[in-house]
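Mapping the sequence shown onto our numbering, position 50 (from 1) lands on 172, and the numbers just tick up by one. Right, one structure below, let's go through it.
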Amino acid sequence: MQILVRFADAETERNALGKLIPRFSGKSWASGETMLPSAALGFLAEQGIPFTVVGPAPYERVTSLRDTGAVAV
123 MQILVRFADA
133 ETERNALGKL
143 IPRFSGKSWA
153 SGETMLPSAA
163 LGFLAEQGIP
173 FTVVGPAPYE
183 RVTSLRDTGA
193 VAV
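In structure tokens:
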């Protein structure tokens with residue numbers, strides 16, 4: 123399950139993403155929301171990185187990441 127979270131400020135978000143990127147996939151938006159797998163929440167807590175859970179990622183957000191269109195090469 124994908125979860126939307128917010129971080130207190132841009133510095134905390136950068137720190138969190140730096141630790142998350144090698145371990146988990148996700149997506150961050152300019153709105154300040156970040157979509158992560160639920161397993162990443164425990165990792166953030168273990169690392170002492172504060173975050174607020176917005177809730178489950180809406181289906182529209184998850185499917186917008188899947189581009190089924192053909193790509194010319």
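Glycine included, every Cβ here is placed at the ideal spot set by N, Cα and C.
If I follow the unbroken alpha helix (DSSP H) through residue i, where does it start and stop?
{"i": "residue 140", "result": "132-142"}
{"i": "residue 165", "result": "161-168"}
Which partner residues does residue i have in the DSSP bridge list?
{"i": "residue 178", "result": "125"}
{"i": "residue 150", "result": "156"}
With distance defined between alpha-carbon atoms, name the residue in the options nearest to residue i.
{"i": "residue 170", "options": "125, 134, 124, 127", "result": "134"}
{"i": "residue 131", "options": "148, 124, 153", "result": "153"}
Can you tell me the Cα-Cα spacing of residue i and residue j, whole angstroms?
{"i": "residue 139", "j": "residue 164", "result": "14 angstroms"}
{"i": "residue 137", "j": "residue 178", "result": "22 angstroms"}
{"i": "residue 128", "j": "residue 173", "result": "6 angstroms"}
{"i": "residue 145", "j": "residue 168", "result": "14 angstroms"}
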